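For reference, the structure is listed below as structure tokens.
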Amino acid sequence: MSLSVMGGAFSYRKDMPLLQDVCFDVGAGEVLAILGPNGVGKTTLVKCLLGFLPWQSGETTLDGKPLREYRGRTLWQRVAYVPQARQPAFSYRAEDMVLLGRSPYLGDLSLPGKRDRELALEAMELTGITHLIGKSCDRLSGGELQLVLIARALAAQPDHLVLDEPESGLDFRNQLVVLDLIQRLSREKNLTVVLNTHYPDHALRTADKALLLFGGGTYQFGRTSAILTEEHLRALFGVDIAVWNARVKEKDYAAVIPLEILDGKENERWTRP
Amino acid sequence: MDQCRKFHFWMAVLAALILLGSLLALCLGQFRIAPERVLRELFVESGADNVHTTVFNIRLPRIGMALLAGAGLAASGAAFQSLFANPLATPDTLGVANGASFGAALGLLLGGGAAEVQGLALVFGAAAVLLVFAVTRGMGERRPSMLLVILAGMVISSLFSALVSLVKYVADPQDVLPVITFWLMGRLSGVTRASMLLSVPLIAAGTLLIYLLRFRLNALSLSEEEAMALGVDLRRLRALVIAAAAMTTAAVVSVCGVIGWVGLLIPHIARMAFGNDNRRVVPFSILAGALFLLVVDTVARCVSAAEIPVSILTSVIGAPVFILLLRKTGGLRI
Chain Z
131 MSLSVMGGAF SYRKDMPLLQ DVCFDVGAGE VLAILGPNGV GKTTLVKCLL
181 GFLPWQSGET TLDGKPLREY RGRTLWQRVA YVPQARQPAF SYRAEDMVLL
231 GRSPYLGDLS LPGKRDRELA LEAMELTGIT HLIGKSCDRL SGGELQLVLI
281 ARALAAQPDH LVLDEPESGL DFRNQLVVLD LIQRLSREKN LTVVLNTHYP
331 DHALRTADKA LLLFGGGTYQ FGRTSAILTE EHLRALFGVD IAVWNARVKE
381 KDYAAVIPLE ILDGKENERW TRP
Chain S
468 MDQCRKFHFW MAVLAALILL GSLLALCLGQ FRIAPERVLR ELFVESGADN
518 VHTTVFNIRL PRIGMALLAG AGLAASGAAF QSLFANPLAT PDTLGVANGA
568 SFGAALGLLL GGGAAEVQGL ALVFGAAAVL LVFAVTRGMG ERRPSMLLVI
618 LAGMVISSLF SALVSLVKYV ADPQDVLPVI TFWLMGRLSG VTRASMLLSV
668 PLIAAGTLLI YLLRFRLNAL SLSEEEAMAL GVDLRRLRAL VIAAAAMTTA
718 AVVSVCGVIG WVGLLIPHIA RMAFGNDNRR VVPFSILAGA LFLLVVDTVA
768 RCVSAAEIPV SILTSVIGAP VFILLLRKTG GLRI
């Protein structure tokens, strides 16, 4: 079970390549973090990865089979997507929102049945949000809504989970709740996870692999420990950075400490690693 | 599951009220008939007198049409609100009502009979939707955004509204203009068995399709990517919903003229009562819409010797009811 991209390219304007010859793969139970500054194409990469936007060249494959060869709903029974948490135009009750995750198994004219409701409830138990049953989504906090959306994705019993900035806009505790959940899902349920994030700390904490988008079509991909170096992070964000490793209560942690903003010239030096 | 029981209770209440209201509507009117006489006429034996004519040829078709039109408009409104992810969408958001109005006005101007007027209304109602599709074709990355479709709908709608004004402008103010004006305000007095023959299957099919798609409508109201990731075939589903709602609306307008408010008011009453889940909004809207238009039409033909246009009454009755509900529930759950 693996999700991979071979030679993916995309640009909104011809003269400004955004993604170029992107190649990466992520296997069962692995977590891939996509990192990069604002506007560098992280969300676009996720959209292309899932086929919401068409790759201009290259393709995404799931278990070696191109995504477009999966017919209709079958793809979405295996790959689930968690969008950035935003309040929808019409809000539904939390349990109804999660139940929508069963849609890939239902025809246009059918309704979810008892089994679907059970699986939705299981997904809510897994994400620890059964106390939200009966609450309308517009009454939920950002963290709660994010967990509802993750539960909705899990209700489809996928083996791949793709999340677009799942922890952005959440408070300190909720960020950890989401990150720990992602880690648990990958370890215990053997789920393959791809997530966008702004925070190198989060990538260091949860991800096995990392993909850094530098803009202008350049990127770096590899194991997190090898890729998330001080040098790369400096180039990525244009910020002087120190990565500190610490051992607390028998566990290893890495902390990213921003030191100072690098000026344009120095920044330039780093943009092409 | 308390919410579930409440929903079923109200559905049963609505169904009972519709049955009772229909019976009452058969009795009421300028020519009153005793309820037992109506029941006898319906179920035991029918005479060949004017009671028979009134019940079977005048009131029954009209009541049937009122129920169906109300159900269809309310369901279409609910469907469009989900499709456009916009609580202010109505069945005529894509210009169907104005297109059909123009067709009907043109038919009246040309001195056509009921069948020609109905036919032209259906043709131009369909033309309005097709124009919206044509205008938005090829726009956007892969498919036009729903905002573009709404904007195109507004443009087409105002185009047809201008054409309606043009027809009214050139119409003879002595005889044709009043007919057109009255027609545009909506009325069910023109309903005959013949006019129902074409419109009933269209309205019934459109409403049924929306009813069957009700769970999918929930996914459709989310963002495009979310809907796609839930396995929704956006292109097909949008086309289906638009076709169903447009067919229903055009068929209603072709027989009854323009009936405003039902498509906005009724789904919102459902939303206020049961939340936004279309598994409840759509069925409730169908029954409540039917009952609402039945009541409005019965009032329209009973309060005075000259009929009151339906659109005036839907607003006069609808607005206070809506405000009352708004105050009671503390707003829409949107």
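Sequence order for the protein chains is Z and S. Under our numbering, the first residue of the first sequence carries the number 131, and numbering increases by one thereafter. Under our numbering, the first residue of the second sequence carries the number 468, and numbering increases by one thereafter. The C-beta atom is built at its ideal place from N, Cα and C for all residues, glycine as well. Just so you know, these numbers come straight off a predicted model, no measurement behind them.
Interface with chain S (7 Å Cβ-Cβ cutoff): S187/Z is excluded. The beta carbon of R504/S lies closer than 7 Å to those of V518 in the same chain, with the five residues before and after it left out.
Note that the C-beta distance between L550/S and V708/S is below 7 Å.
In this structure, DSSP gives W374/Z an extended state, which the three-state scheme calls strand. Proximity of A696/S to chain Z, defined by a Cβ-Cβ separation below 7 Å, is satisfied. C-alpha of A224/Z to C-alpha of A686/S: approximately 14 Å in a straight line. Exclusion of the five residues before and after Q305/Z leaves E297 as the residues of its chain whose Cβ lies within less than 6 Å of its Cβ. Taking all protein chains in view, the Cβ of H475/S is surrounded by fewer than 16 other Cβ atoms within 10 Å, so the residue is classified as exposed. Put simply, the stretch 661–677 of chain S touches the stretch 705–725 of chain S. At least three CB pairs are less than 8 Å apart. Per DSSP, T716/S lies in no beta strand (DSSP E) segment; the continuous alpha helix (DSSP H) that holds it begins and ends at L701 to C723. In the displayed model, I500/S falls within coil according to three-state DSSP, outside both helix and strand. The beta carbon of P147/Z lies closer than 6 Å to those of S141 and G347 in the same chain, with the five residues before and after it left out.
Excluding sequence positions up to five before and after D331/Z, its CB lies within less than 8 Å of the CB of A384, A385 and V386, all in the same chain and listed in chain order. At least one beta carbon of chain S lies nearer than 7 Å to the beta carbon of D238/Z. Between G698/S and P213/Z, the C-beta spacing is not below 7 Å. As a beta-bridge residue in DSSP terms, N326/Z pairs with I164/Z. Within chain Z, the C-beta atoms nearer than 8 Å to that of V699/S come from S233, in chain order. Under the DSSP assignment, Q548/S falls outside any beta strand (DSSP E), being part of the alpha helix (DSSP H) whose first and last residues are L527 to L550. Here DSSP, grouped into helix, strand and coil, assigns S271/Z to coil. Scanning A593/S, F498/S, G605/S and G578/S for the CA closest to the CA of V719/S turns up A593/S. Here DSSP, grouped into helix, strand and coil, assigns D294/Z to coil.
In this structure, the beta-carbon distance from V170/Z to F154/Z does not fall below 7 Å. Taking G237/Z as reference, the option from T204/Z, L249/Z and A219/Z with the minimal CA-CA separation is T204/Z.
By the neighbour-count definition (other C-beta atoms within 10 Å, threshold 16), K195/Z is an exposed residue.
Each residue's CA atom was taken as its position, placing G202/Z and D700/S some 7 Å apart. Interface annotation, L230/Z: in contact with chain S, CB-CB separation under 7 Å. Distance from the CA of G264/Z to the CA of Y211/Z, rounded to the nearest whole angstrom, comes to 24 Å. With its beta carbon at least 7 Å from every one in chain Z, F751/S lies outside the interface. Burial state of V616/S is buried, judged by a 10 Å Cβ sphere holding 16 or more other Cβ atoms. Against D764/S, chain Z offers no close residue; the least beta-carbon distance is about 30 Å (beta-carbon pairs closer than 9 Å). Taking C-beta atoms under 8 Å as the contact rule, V749/S and I677/S qualify, at a distance of about 6 Å.
Under the 8 Å Cβ criterion, the stretch 518–534 of chain S counts as touching the stretch 756–766 of chain S, having at least three qualifying pairs. Near chain Z, meaning a CB-to-CB distance below 9 Å, no residue of the stretch 567–588 of chain S qualifies. Around the Cβ of V324/Z, a 10 Å sphere holds 16 or more other Cβ atoms; the residue is buried. DSSP places P388/Z outside any alpha helix (DSSP H); the residue lies instead in the beta strand (DSSP E), whose first and last residues are K381 to I391. Remark: C-beta atoms of G243/Z and G188/Z do not approach each other more closely than 7 Å.
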